[in-house]
Each structure stands twice: as structure tokens, then as C-alpha cells.
Amino acid sequence: MPDFPHSGPWFEALVGALPLGLATVGPEGQLRWTNRTWQMHTRLETHRPPGRVDEVLGIAGAAYRETLLRWVRDGTAGVLRSVPLARTGSAEVSYADIEVRLVPPIAPDSDRLVVLHDVTDRAIEHDRARLFYESFLTSTNAIEITDDKGILVDVNPAFERVYGYSRAECIGKRPNMVRSHSTPAEVYSRLWADLLDPSRGYWSGEIMNRDRWGHERLVLLTISAVRDDRGIITHYLGVAVDLTEQRIWQRSAAHADRLASIGQLAAGVAHEINTPLTNVMLVAESLRRRSRDPWVLARVDAITAQIDIAARIVRGLLDFARRSEPQIVALDLVEVSRAALDFLRGKQSANIEVEEAYPTTPVPVAGDRGQLIQVLTNILNNGYEAMDGAPGGRLRIEVRAVDRMAEVEVTDSGPGISAEVVEHLFEPFFTTKPEGRGTGLGLALSHDLVQANHGQLLARNRPEGGASFLVRLPLATSPPPDT
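Numbering (our numbering), first residue to last: 456 to 938.
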């Protein structure tokens, strides 16, 4: 192997101390000389081997072999970035920038100088960053990143899906754009106390957020403070697991169990009450026929009025207990909504404005027409009664298709739903109506009927006031028949 001009121990010590791997290579790729750093990076034998320059490339770096040998053969200068290297006797992979140079004053004219710059740490950090970012993009959980001032610098696609805001709409804003007023201020105080505590640095718990349409989303939120080498907070990372659907189905399952038990009880109670009610009604009617005394007739009227109330409760119990399997057919949710509203036309008040918002094309669903009309009629009727004929009342029914779901939303401008009522809204026999005006079974039955039609019934307060009831059903793949 030829020596460099002026080579000697001092030269070997000098080039061996350089942090760069050096090798002289012949036009056919044969190694002529390597320094100690080259040997260390590639773990080749310490004597000067008659090997080839492309032997430093591992299996992962095979794609670079043709380019490297062509540059050496043609005398082309160039740099290959972050090339995987083979290490003799080791499964480890290191990375280097490989540079080919022509340096006649140092190497013979026919040789090339190949320089290795170890970039293993840089390549590993790059791969790690790429892996983390791919995980960020593909995570099914909503992830947000803010700077140390709490300004959003990035959100992932799952965040966009859960809350309905695009990434562009979020960047530069504060996360309170998804904050719900249902979450007490004390929760946020505790959150920040934990984040700013160096001994803790994170907070985790269930919290109520809201999407861009005002719908509340229950999430399991974990926020961590990201600190630099000096311990100073540079960013905050929030990961939210959307529990909304899971909690709805958990409650629905528990609700269904309760309804099954209550239904059996309701049927028995209704039959037991019907017999004495019938007897009392017969006696009252007999008194009406036999007496001309106004005082007696007034009392008979009072008795029959109370019997009517009791009979209505019994009918509600029987309807509740006799729920049948839905007869699923193809329907247009727009037509069903119009039909439900038609049932209540006679109840409309001049003081209440009814607004209808329907798409120009059918919204196909598969369901039981009678049951869905019953559900919507009950919700619309509740809306009327919530406004109780007050002037300026507004009742709105809107049908829309959202993603793969069909939705019909009924909103009113009434007083809304109190926090105490929301938790019990769909429980049987729970009512806020005055005595004699409600059985407490309407919403419980409606909730059960919507479930039987593979849908959801949700209720919330509107930010601008009033209540909203939302029926969600899967969109059908085939259009409904002409009606």
C-alpha cells in the first residue's frame, strides 16, 4: 500500500486524532489507506486492509453503493447524507455523511479521498423525532401542543375530528376555545397548580369540553409540562381521550337494564290500577245520571277529571311496558320530521314562532316510522310546554347529515335544563311539569325508542339560552322510497 508524502509517526498521530474518518480509495473502490477514526467507526481491522470502500455500507445502506462507487470511479465530488454503516462483528448501526473528494496534493493522482463524518446521534434523533411526529399524526386521541404562554402551536387530526376545528383555525389560539362552562373553575385552578409544580408537572382527569357546534364532549385529559435542560417550561402537551360515546353507551346499557325491570313493574301496576279506576268511573257516571244537584254534579266533574289524569298515567305505563320491536324500513328523516310537526299543528300558538330547516335532498335512515314520529312529537310537545305560551318563543326543528350520521335537532327558547335535571332527564317517572301535566315517561320512552332504532337521543343547554334535543341515527346506504 503506498504511503502519503511526508508520512511518518507524527503524521499517523495527527490524522488519527482527527474526528473525521479518512481513507484513500483507488478508482475501482479498493481501500489503500485508512486512519484510526475510520477504523473505529467501521470497526475494521486496524491493519491496512486491501478491502473495498463500499464494505462500510450495511444492508440498509446498499441503496447508496452504486452512487458511491460511481463517484469514486468517475472522480466526482459529492456527499451522501446519513448513510447506514456496517460494523464488523456488531449488530449496531451507525450513520455517517460520506464525502468523496479529489485531493491530488495529499493522495496520488489516481486516488480519491473519502471522508466519514459520524452523524449517528443526529440520525437517531431525527428518526426519533420522525417517529414521535408520525405517532402524533396517527394517534386516535386528540393531541394539542401549546407554547409556554398557552398558545396553540399544533394539533393533530384527531383533535380536528373530536372538536370540529381545523388545524389552521387552532394555531395561535388558546385551548379555552374548547372549554365548557360545565367544568368548575376549581378544576382549572388545580390543573395549573399541578402543571407548575416541578415535583409533579402534569395533570390528569375527566373534564367536560365542547366542540365548535356547542356539543359537550367528555374527555380524559392529561396535560404535561415540557421542560428544557434548565428545567424551564417551554411547551405544554395535552392528550384527550374522548369518552363521550363510551359514557353514552355505558349509561344506555344501565338505562336499558333499569327500563326492563321498570317495564315489568309498570305493566303489573297499570293492570292493578285499571280495575278500581273503572269502578270509580262507573260510580261517578251513575251519580251524574241520578242527581240534579249542582253541588253533586260539580263533585262528579272533579272526580272524573282526576280519573282522566290517572287513566292517562296508566296508558303511559302500558305504552312503556308494551314496547314492541321496531319495524325497520327505509325512511326519509325530513318526511318523518314534517309528519311529527303536523301532529302538533293544532297546538301551535301565535306567540310561538316555528322554524323548519330541511336540506333540499332526502336524508335516508333505516327505522320505525311510527316510533320515530312518536319520539319527535314528544320532544316538540315538550318544547311548546317549556315556553308555555310566552311571547317571543321560538321552536326550531332542523334535519341534517353529518359525516355518516343523520341528525334532527329540536331547539326552543325556553328556560333550558337545570344542572340538577340533566342527570335524571331520561329516567322513568322523572318530570318537572306541574302535577297532572306529565307522567315522567315521555323522554324515558323516547330515549328507549331511539336506542331501539340504533340511534342516540342527547339533550343539552344552548349557549344562547333554551334547550336542544338531538336525535342521531346512522345514515342509510340506500335512498328512501318516494313518499
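The C-beta atom is built at its ideal place from N, Cα and C for all residues, glycine as well.
- Residue 671 is a Cβ neighbour of residue 637, given a cutoff of 8 angstroms.
- Residue pairing by DSSP places residue 552 opposite 572 in a beta bridge.
- Its Cα nearest to that of residue 897, the residue 835 stands out among 849, 835, 865 and 575.
- When C-beta atoms of the region 673-681 are compared with those of the region 652-663, three or more pairs fall below 8 angstroms, so the two segments count as touching.
- Residue 539 is classed as buried because its beta carbon has at least 16 other beta carbons within 10 Å across all chains shown.
- In this structure, DSSP gives residue 909 a state outside helix and strand, which the three-state scheme calls coil.
- Taken through DSSP and simplified to helix, strand or coil, residue 881 comes out as coil.
- With respect to the C-alpha of residue 569, the residue from 577, 580, 553 and 584 having the closest C-alpha is 553.
- Excluding residues up to 5 positions away in sequence, 755 lie with their Cβ nearer than 6 angstroms to the Cβ of residue 742 in the same chain.
- Three or more Cβ pairs closer than 8 angstroms define a contact, and the region 647-659 falls short of that threshold against the region 728-745.
- Nearest to residue 687 by alpha-carbon distance, out of 800, 699, 701 and 651, is 651.
- Per the coordinates, the alpha-carbon of residue 597 lies some 18 angstroms from the alpha-carbon of residue 646.
- Boundaries of the alpha helix (DSSP H) harbouring residue 793: 788-798, taken from the DSSP string.
- In the assembly as shown, residue 807 is a buried residue. Its beta-carbon has 16 or more other beta-carbons within 10 Å.
- Three or more Cβ pairs closer than 8 angstroms define a contact, and the region 525-537 falls short of that threshold against the region 584-593.
- In the DSSP assignment, residue 852 falls within the beta strand (DSSP E) that extends over 848-857.
- In the DSSP annotation of this structure, the continuous segment of the beta strand (DSSP E) that includes residue 599 starts and ends at 597-602.
- Around the Cβ of residue 746, a 10 Å sphere holds fewer than 16 other Cβ atoms; the residue is exposed.
- As DSSP reads the structure, residue 660 sits in a beta bridge with 676.
- The C-beta of residue 493 has 16 or more other C-beta atoms within 10 Å across all chains shown, which makes the residue buried.
- Per DSSP, residue 510 is not a residue of any alpha helix (DSSP H), being assigned neither H nor E.
- In this structure, the straight-line span from the alpha carbon of residue 518 to that of residue 578 is close to 17 angstroms.
- When C-alpha distances from residue 701 are compared across 911, 581, 475 and 752, the shortest belongs to 911.
- Setting aside the 5 residues that flank it on each side, residue 696 is surrounded in the same chain by 596, 674 and 675, each with a C-beta closer than 7 angstroms to its C-beta; the list follows chain order.
- According to the DSSP assignment, residue 813 belongs to no beta strand (DSSP E), since it is labelled neither H nor E.
- In this structure, residue 567 sits near residue 480, with a CB-CB distance shorter than 8 angstroms.
- Of the other Cβ atoms in all chains shown, 16 or more fall within 10 Å of the Cβ of residue 549; this residue is therefore buried.
- Going by beta carbons, residue 904 and residue 830 fall inside the 8 angstroms limit.
- Under the three-state reduction of DSSP output, residue 729 falls in the helix class.
- Around the C-beta of residue 608, fewer than 16 other C-beta atoms lie within 10 Å, and the residue is accordingly described as exposed.
- Straight through space, the alpha carbons of residue 601 and residue 786 are spaced by roughly 46 angstroms.
- If you draw a straight line from the Cα of residue 769 to the Cα of residue 725, it is about 5 angstroms long.
- From the listed residues 485, 758, 863 and 603, the smallest Cα separation to residue 627 is found for 603.
- Short of 6 angstroms from the beta carbon of residue 535, and not among the five residues preceding or following it, lie these beta carbons of its own chain, in chain order: 519 and 553.
- Here residue 857 is exposed. Its C-beta has fewer than 16 other C-beta atoms within 10 Å.
- Taking 8 angstroms as the upper bound for CB-CB distance, residue 788 and residue 863 are in contact here, some 6 angstroms apart.
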